[in-house]
Each structure stands twice: as structure tokens, then as C-alpha cells.
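Peer 1:
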Amino acid sequence: MPNDIILSIKNLTVHYEVEGEVVEAVNNLTLDLKEGKVLGLVGETGAGKTTTALSILNLIPSPPGKIKSGEILLNGKNVLAMDIAELEQVRGKDVAMIFQDPMTSLNPVLTVADQIMESILIHETSSKEEARKRALEMLQTVGISPERADEYPHQFSGGMKQRVVIAIALACNSTLLLADEPTTALDVTIQAQVLDLMIKLKEQFSTSMIFITHDLGVVAQVCDEVAVMYAGRIVERGTLEEVFNHAKHPYTEGLFNSLPSIEDRTARLRPIPGLMPDPTKLPEGCSFAPRCSYAVAACSTTRQTEIGFSESHFALCSRYTEKDFALDRKELD
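Residues 18 to 350, numbered by our numbering, are exactly what the sequence shown covers, in order.
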């Protein structure tokens, strides 16, 4: 594994077995993240984004979840092969997670300072006095007055709670931060403040980050690279410029077409027709074929292969193997 690759996921497959049915949540996912980079993991609800993040922490609930295959290398070590003691050292220290809802992430009976200190005392050889000093510094870093350190979560607004969660995640200088839609539950102004904070933290600590979201505007603001997920697979990945300005997969193209136009405010939105397939009954071929205006008969029966357009830009669409096929020219009948 190259020295600058901090996270390497190879052929990850995760299923949930519920009431006799198998939910194919993540299917043969491969992904690399370089040190100091922010990767936007984009996709609609049910695409497999959160399951991917939980897999990196080896936190898939079992039962019903099961990691069927693959490996996850964090700093060269396979997280999926670690025992409980090793995982406890990795979680919070090497990799930390900011969950979507701060209301369920914080302990209501502990002060915010105690919750930040807990992580520091577990992972670092610090006295309580040193841990508290560090906790107060982290609160200040995320824009909360140290004077509020001994208050409880219910005394904070939603945006402030999310800042506390971020402070906990950053307390041990984790090399990798997983942010699972950290701004979804916040109003627009607080969302902007939290995003600005995360950009500053990225610049200050050079933290590698996977930013899970369905909001393309957030991706454009925060991320260096983009991976688009659909039905448990990454259908397109590349740099921010490649994916935003030269989208190749029909699903990615559909996401951008469904956004309102700033230039033409009277233009009608063009939503993607249909719904994402039932994860217990994924089609034999391309999962997006039933919704794709470019699909041909073979798409429904043939497993799609990844096509490369540059060293960093790939899309899961076999039609690019056909001569003169180009989605961006829209020359299909």
C-alpha cells in the first residue's frame, strides 16, 4: 500500500439478514483515501453510505449484519482482523466518527467536559487535570466557551451539540474522521457554521476525512474527491473537478440535472424517474438500468465493469466499452 494511502477498502461486501431476507447493503466496494484528503461519499438514503462507515470501525451490528468479504486497511492494518482490545485502541484514536444526530451521540447525564475527557483518558496517558485542560482547549477550538464545560447536553442547541460531538471526535487527534451527514439535522445558518468549522479543522490538523452526505453543495464546499454510491456500489469516483464538471455515470448526471439552476430560475427540475431497487432483490445486471435513459437490453443482464477515464476518474458503466459512446454528448436515440 502506498505511503500516502491512509485507508484502503478492498472488495467489501456487507449483508443484513432480516426475517429470512438478505439485504445487500454494500456490494464489492473498493475505495482508497489519501492522507490529508476529504472524500465526499454521496448517495440517496439506503445507498449503503452509513454501512460503509460503520464497517471501517468494525461496528456492523451482528446479528443481523455480517461482513461477507473484503478487507479494510487503516494505516496498513486490517481492521476486520482485529480483536476487541485492538479495536478499542483504534476507535477514537486512529479513526473517529461524527454521527448524524447529536441528540443520540451524547450522554445526557454527563457534562460535555466529562465526555471529551473520557476519550482522552482511554487513549492517552494523561492525568485528569491534563485531560480536562485538553477538553477545554477542544471546546474553544470548536467555538464553545470553556465556561460552559460543566453544562449538560440538554443546555445546548442542536448546532452546539454537534460542535461538542466534533470536539470529542478530534480530542485524540484521530488520523481519520468519519462524518455521517453531520449537518442534516441543523438549520441552514448553523449548517454553514459547522461546515466552516470542519474546513478550518481540516486545514489546521490535516485530518483525512470521509464526509457522508446527499447534499452536492456541501460536497463542493468541503471535499477534494467524490465517490457516488448507488444500491451498495460506487458507480463513479474521481476528483471534485472531474465528477462535478465531467460526470460520466448516468446516475451522477441525473443527480446534477435534478438540482435547480441559478442561471435559469424558471427551468423545471428534472428528477430521476423511479426509485432505487429493493436491496433484497437487486437486479442481475446494472442496478440503475430501470431508471437509466441510456440503458439497453444488455444492461439489465450484464454485471457492469469499471471504466477508467484518468488515473483518478472511474465510472461503473459498461456502455463506455462501445465505440463512440459518450453520455455527455447525448447522441443516443
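Note that beta-carbon positions come from the ideal geometry of N, C-alpha and C, so glycine has one too.
Below 8 angstroms on the Cβ atoms is my guess for HIS32 versus LYS85; work out the distance and round it to an integer in Å.
Peer 2: As a first step, residue 32 is located in the sequence shown; it is residue number 15 there, counting from the start. As a first step, residue 85 is located in the sequence shown; it is residue number 68 there, counting from the start. Confirmed, about 6 angstroms.
Peer 1: Judging by CA-CA distance, which residue of PRO294, GLY160 and ASP167 is the nearest neighbour of MET177?
Peer 2: Here residue 177 refers to the residue found at position 160 when the sequence shown is read from its first residue. Closest by alpha carbon: GLY160.
Peer 1: Kindly confirm or deny that the stretch 222-242 and the stretch 199-213 touch, where touching means at least three C-beta pairs closer than 8 angstroms.
Peer 2: Judged by Cβ distances under 8 angstroms, the stretch 222-242 makes contact with the stretch 199-213, as three or more pairs qualify.
Peer 1: Rounded to whole angstroms, what's the CA-CA distance from LYS347 to THR121? Just pull it up for me.
Peer 2: Taking the first residue of the sequence shown as position 1, residue 347 is located at position 330. Taking the first residue of the sequence shown as position 1, residue 121 is located at position 104. Annotation note: pLDDT 49 at LYS347 (below 50); position unreliable, coordinate value reported separately. Computed Cα separation, rounded: 46 angstroms.
Peer 1: On the three-state DSSP scale, how would you describe ILE289?
Peer 2: In the sequence shown, counting from the first residue as 1, residue 289 sits at position 272. The answer is coil: DSSP assigns ILE289 none of H, G, I, E or B.
Peer 1: So the beta strand (DSSP E) MET226 belongs to, where does it begin and stop?
Peer 2: Position 209 of the sequence shown, counted from the start, is the residue given in the question as residue 226. Here the beta strand (DSSP E) through MET226 covers 225-230.
Peer 1: Measure the alpha-carbon distance for LEU349 versus PRO81 and round it to whole angstroms.
Peer 2: Translated into the one-based positions of the sequence shown, residue 349 becomes position 332. Translated into the one-based positions of the sequence shown, residue 81 becomes position 64. Reliability of the predicted coordinates at LEU349 is poor, the pLDDT of 39 falling under 50, and no value is obtained from them.
Peer 1: Output the boundary residues of the beta strand (DSSP E) element that contains LEU333.
Peer 2: Here residue 333 refers to the residue found at position 316 when the sequence shown is read from its first residue. 331-333 is the span of the beta strand (DSSP E), which, as asked, contains LEU333.
Peer 1: For the alpha helix (DSSP H) containing ASP131, list its first residue and its last residue.
Peer 2: Translated into the one-based positions of the sequence shown, residue 131 becomes position 114. Run containing ASP131: 129-140, per the alpha helix (DSSP H) assignment.
Peer 1: Have a look at GLU141, ALA196, THR128 and LEU138 and flag the residue whose alpha-carbon is nearest the alpha-carbon of PRO163.
Peer 2: Working through the sequence shown from its first residue, we reach residue 163 at position 146. Answer by Cα proximity: THR128.
Peer 1: In the DSSP output, what is VAL112 paired with across the bridge?
Peer 2: Taking the sequence shown and counting its residues from 1, one reaches residue 112 at position 95. Looking at the DSSP assignment, VAL112 forms a beta bridge with ARG108 and LEU193.
Peer 1: Hey, SER13 and THR318: beta-carbon distance below 8 angstroms or not?
Peer 2: This structure does not reach residue 13, given that the chain is present from 18 up to 350, and the question cannot be answered.
Peer 1: Helix or strand or just coil, what does DSSP make of LEU46?
Peer 2: For this step, residue 46 is matched to residue 29 along the sequence shown. Strand at LEU46.
Peer 1: Just the Cα atoms here: how many angstroms apart are GLY432 and LYS51?
Peer 2: Here the chain has residues from 18 to 350 only, and residue 432 is not among them.
Peer 1: Is ALA186 closer than 8 angstroms to ARG151 when the C-beta atoms are compared?
Peer 2: Here residue 151 refers to the residue found at position 134 of the sequence shown. Here residue 186 refers to the residue found at position 169 of the sequence shown. Contact flag unset, no.
Peer 1: Please list the terminal residues of the continuous alpha helix (DSSP H) segment that includes ILE216.
Peer 2: Here the question's residue 216 lines up with position 199 in the sequence shown. Counting along the chain, the alpha helix (DSSP H) containing ILE216 begins and ends at 205-222.
Peer 1: Should THR206 be labelled buried (16 or more other beta-carbon atoms within 10 Å of its own) or exposed?
Peer 2: By one-based count along the sequence shown, residue 206 stands at place 189. THR206 comes out exposed.
Peer 1: Would PRO199 and ILE115 be called neighbours here (beta carbons separated by less than 8 angstroms)?
Peer 2: Counted from its first residue, the sequence shown places residue 199 at position 182. Counted from its first residue, the sequence shown places residue 115 at position 98. Closer than 8 angstroms, so yes.
Peer 1: Given a threshold of 16 other Cβ atoms within 10 Å of its Cβ, counted over all protein chains shown, does PRO267 qualify as buried or as exposed?
Peer 2: For the purposes of this step, residue 267 is identified with residue 250 of the sequence shown, where counting begins at 1. Answer is buried; the Cβ neighbour count reaches 16.
Peer 1: Candidates LEU276, ALA244 and GLU168: which alpha carbon is nearest ALA332's?
Peer 2: By one-based count along the sequence shown, residue 332 stands at place 315. Selected option, being the one with the closest Cα: ALA244.
Peer 1: Distance check for ILE23 and ASN92, CA to CA, integer angstroms please.
Peer 2: For the purposes of this step, residue 92 is identified with residue 75 of the sequence shown, where counting begins at 1. For the purposes of this step, residue 23 is identified with residue 6 of the sequence shown, where counting begins at 1. Each residue's Cα considered, the two are about 5 angstroms apart.
Peer 1: Report the three-state DSSP secondary structure of LYS54 (helix, strand or coil).
Peer 2: Counting from one through the sequence shown, the residue named residue 54 turns up at place 37. Coil.
Peer 1: First and last residue of the beta strand (DSSP E) that includes ASN124?
Peer 2: Taking the first residue of the sequence shown as position 1, residue 124 is located at position 107. Counting along the chain, ASN124 falls outside any beta strand (DSSP E), and DSSP gives it neither H nor E.
Peer 1: At what residue ranges does the stretch 294-335 contain a whole run of the beta strand (DSSP E), taking only runs of 3 or more?
Peer 2: If we require 3 residues or more, the beta strand (DSSP E) runs fully inside the stretch 294-335 come out as 323-325 and 331-333.
Peer 1: Excluding the 5 residues preceding and the 5 following VAL96 in the sequence, name in chain order all residues of the same chain whose CB lies nearer than 7 angstroms to its CB.
Peer 2: As a first step, residue 96 is located in the sequence shown; it is residue number 79 there, counting from the start. Correct list, in chain order: ILE73, ASN75, ILE89 and VAL107.
Peer 1: In this structure, how does DSSP classify TYR169 when only helix, strand and coil are distinguished?
Peer 2: Taking the sequence shown and counting its residues from 1, the one referred to as residue 169 is at position 152. It is coil, neither helix nor strand.
Peer 1: So the candidates are SER327, GLY325, PHE326 and PRO300; which of them puts its Cα closest to the Cα of ALA314?
Peer 2: Taking the sequence shown and counting its residues from 1, one reaches residue 314 at position 297. Of the listed residues, the one whose Cα sits closest to ALA314 is PRO300.
Peer 1: Who does ALA30 pair with in a DSSP beta bridge?
Peer 2: Within the sequence shown, residue 30 is the residue found at index 13, counting from 1. Reading the sequence as shown, one finds Thr at residue 30 and not Ala. THR30 is bridged to SER86.
Peer 1: Can you tell me the Cβ-Cβ gap for LEU29 and LEU46, rounded? I've got them flagged as a contact below 8 angstroms.
Peer 2: Position 12 of the sequence shown, counted from the first residue, corresponds to residue 29. Position 29 of the sequence shown, counted from the first residue, corresponds to residue 46. Yes, LEU29 and LEU46 are in contact; Cβ-Cβ is about 4 angstroms, under 8 angstroms.
Peer 1: Under the assumption that LEU48 contacts ILE26 (Cβ atoms under 8 angstroms), give the Cβ distance between them as a whole number of angstroms.
Peer 2: Along the sequence shown, one-based indexing puts residue 48 at 31. Along the sequence shown, one-based indexing puts residue 26 at 9. So it is a contact: roughly 4 angstroms between Cβ atoms.
Peer 1: Measure from the alpha carbon of ARG165 to the alpha carbon of each residue in ALA148, ASP131 and ASN190, then state which is nearest.
Peer 2: Residue numbering aside, residue 165 sits at position 148 when the sequence shown is read from its first letter. Residue ASP131 is the option with its Cα nearest to ARG165.
Peer 1: Please say whether GLY175 and PRO119 have beta carbons closer to each other than 8 angstroms?
Peer 2: Counted from its first residue, the sequence shown places residue 119 at position 102. Counted from its first residue, the sequence shown places residue 175 at position 158. Cβ atoms of PRO119 and GLY175: closer than 8 angstroms.
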